[in-house]
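Colleague: Attaching a single structure in C-alpha cells format; questions to follow.
There are 2 protein chains.
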Amino acid sequence: MNGSSSNLSDSPVSARLAMRGLRLTPQRQHVYEVLVGVRDHPTAEEVFLRAKQGMPEISMATVYNCLDALVRCGLAKQVNVDRSASRFCPNMSDHDHFYCERCGGIYDIENGAGAVGRGIELPRGFEVTHVDVSLRGVCGSCNDAEKV
Amino acid sequence: MNGSSSNLSDSPVSARLAMRGLRLTPQRQHVYEVLVGVRDHPTAEEVFLRAKQGMPEISMATVYNCLDALVRCGLAKQVNVDRSASRFCPNMSDHDHFYCERCGGIYDIENGAGAVGRGIELPRGFEVTHVDVSLRGVCGSCNDAEKV
DNA sequence: GTGAATGCAAAACCTTTGCAACTGG
DNA sequence: CCAGTTGCAAAGGTTTTGCATTCAC
Numbered sequence: 014m015n016g017s018s019s020n021l022s023d024s025p026v027s028a029r030l031a032m033r034g035l036r037l038t039p040q041r042q043h044v045y046e047v048l049v050g051v052r053d054h055p056t057a058e059e060v061f062l063r064a065k066q067g068m069p070e071i072s073m074a075t076v077y078n079c080l081d082a083l084v085r086c087g088l089a090k091q092v093n094v095d096r097s098a099s100r101f102c103p104n105m106s107d108h109d110h111f112y113c114e115r116c117g118g119i120y121d122i123e124n125g126a127g128a129v130g131r132g133i134e135l136p137r138g139f140e141v142t143h144v145d146v147s148l149r150g151v152c153g154s155c156n157d158a159e160k161v
Numbered sequence: 014m015n016g017s018s019s020n021l022s023d024s025p026v027s028a029r030l031a032m033r034g035l036r037l038t039p040q041r042q043h044v045y046e047v048l049v050g051v052r053d054h055p056t057a058e059e060v061f062l063r064a065k066q067g068m069p070e071i072s073m074a075t076v077y078n079c080l081d082a083l084v085r086c087g088l089a090k091q092v093n094v095d096r097s098a099s100r101f102c103p104n105m106s107d108h109d110h111f112y113c114e115r116c117g118g119i120y121d122i123e124n125g126a127g128a129v130g131r132g133i134e135l136p137r138g139f140e141v142t143h144v145d146v147s148l149r150g151v152c153g154s155c156n157d158a159e160k161v
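Protein chains in written order, with this note's numbering: chain A, 14 to 161; chain B, 14 to 161.
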C-alpha cells in the first residue's frame with residue numbers, strides 16, 4: 014500500500030506520538046501518517062477519505078478525535094479560512110498561510126526569523142490582496158483582574 | 014428610541030448605504046445603525062437580539078443578509094476566530110484584532126502606517142501568546158494560468 | 001411595475017457528543 | 001485491568017436556502 018520510506022519514517026511517527034503521551038492506536042498512527050504525507054492542507058473529510066484507503070473501517074469521529082489530539086499535542090496545526098472546514102497542516106515550523114482566492118489552495122509561507130506580517134517575501138508570482146493579522150493572548154482587563 | 018446624535022449620524026448612515034448602491038430598507042438601515050453603535054464585535058445573533066429591540070419583527074435571515082451586504086460593500090468587517098460564530102465590526106480602518114483567551118473579548122488594534130504583524134504596539138497590559146498572519150490573494154499557478 | 005429584500009421554516013454544513021464495545025500500556 | 005479510544009448515530013451550533021410575500025425605487 015504505502016511503498017516508500019517505510020522503515021525510516023515509520024518509527025519516528027509512532028515515536029513522536031508516544032513522546033507526547035498519546036496512546037499509540039493504529040487509527041491515530043494512520044491518521045498522522047496520512048497527514049504527514051501531504052502538503053495540501055486537507056480538511057478533516059479529506060484526511061478521512063485518504064485514511065479510509067488504508068483503513069476502511071475508520072470513522073469520521075475518530076479522524077476528528079485524532080486530528081484534535083495531534084493539534085493539542087503540537088504535532089499539527091489547524092488552519093481556518095473564513096468559516097469553511099478547518100484544514101490541517103503537519104508543518105510545525107513557524108509559518109504563515111496564503112489563501113488563493115482563485116483556486117482555494119492554501120500555501121505555507123515560511124517567515125524567516127525577522128520576517129513580519131506585512132512585508133513578507135512571497136514566492137514568485139504570488140499576489141497579495143489582503144493581509145489579516147490576528148493576535149491571541151490575555152487582555153489588559155483580565156491581566157489586571159489576575160493581579161488581585 | 015435612540016436619543017443621542019440623531020440628526021448628525023442618522024443621515025450619514027442611510028447615505029452611506031445608498032452611496033454603495035444598497036437599497037435603503039428599514040431593516041438594513043437598522044442593522045447598520047445597531048452595528049455602528051457598538052464596539053464589542055457582536056455575533057450575528059447578538060446583532061439580531063439588539064436589532065429586535067427596536068424592530069421586533071426582524072428575522073435572523075434578514076440580519077444575516079444585511080450583515081453580508083454590509084461586509085460585501087465595505088461598511089463592515091467580518092471577524093472569524095477559530096470556528097466560533099463570526100463577529101462583526103463597523104470599524105473600517107486598517108486594523109488587526111486581538112482575541113483574549115481568558116474573557117473571549119475581541120479588541121481592535123490599530124496599526125500605524127508602518128506597523129507590522131509581529132511587533133505591533135499593544136495597549137498596556139495586553140499580553141500576546143500567539144500571532145497568526147494569514148494572507149489572501151492569487152497564487153503563482155493561478156497568475157501563470159491567467160497569462161495564457 | 002419590477003427586481004430586490006424580507007420572513008419563515010427547513011435544510012445544509014461542519015463538528016461534537018453519548019454511549020456501548022474494545023484495547024493499549 | 002481500566003482509563004482512554006473507537007465507531008456509530010444522533011444532536012449541536014452556525015449559516016444558507018427555497019419560496020411566497022412585501023417593498024423600494
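Don't be surprised by glycine CBs; every beta carbon is placed ideally from N, CA and C.
List, in order along the chain, the chain B residues whose C-beta lies closer than 9 Å to that of A/ASP109?
Modeller: Chain B residues near A/ASP109: GLY130, ASP145, VAL146, SER147, LEU148.
Colleague: Check whether the Cβ atoms of B/LEU30 and B/GLN42 lie closer than 8 Å to each other.
Modeller: Their beta carbons are under 8 Å apart, which means B/LEU30 touches B/GLN42 by this criterion.
Colleague: Look up B/PHE111 in the DSSP assignment and say whether it is helix, strand or coil.
Modeller: B/PHE111 falls in the strand class under three-state DSSP.
Colleague: I want to see whether chain B comes within less than 8 Å of A/GLY87, judged by CB atoms only; does it?
Modeller: No, because no Cβ of chain B sits closer than 8 Å to the Cβ of A/GLY87.
Colleague: Between the Cα of B/TYR77 and those of B/VAL146, B/CYS152, B/GLN91, spot the shortest distance and give me the residue it belongs to.
Modeller: The candidate whose alpha carbon is nearest that of B/TYR77 is B/GLN91.
Colleague: Closer than 6 Å by C-beta to B/ASP81: which residues in its own chain qualify, once you throw out the five before and the five after it? Chain order, please.
Modeller: Closer than 6 Å at Cβ, skipping near neighbours: no residue.
Colleague: I'd like to check one pair, A/SER147 with B/TYR112: are the Cβ atoms closer than 8 Å?
Modeller: Yes, these two residues count as a Cβ contact at 8 Å.
Colleague: Going by other Cβ atoms of all chains shown within 10 Å of its Cβ, with 16 needed for buried, is B/ALA28 buried or exposed?
Modeller: Per the 10 Å Cβ criterion, exposed.
Colleague: Just to confirm before moving on: does the CB-CB distance between B/GLU114 and A/VAL151 stay below 8 Å?
Modeller: Yes, the pair counts as a contact, with Cβ atoms nearer than the cut-off.
Colleague: Using the C-alpha atoms, what's the distance from B/ASP121 back to A/GLY153?
Modeller: Those two C-alpha atoms are separated by around 13 Å.
Colleague: Taking the DSSP output, what are the residues bridged to B/LEU148?
Modeller: Per DSSP, A/PHE111, A/VAL144.
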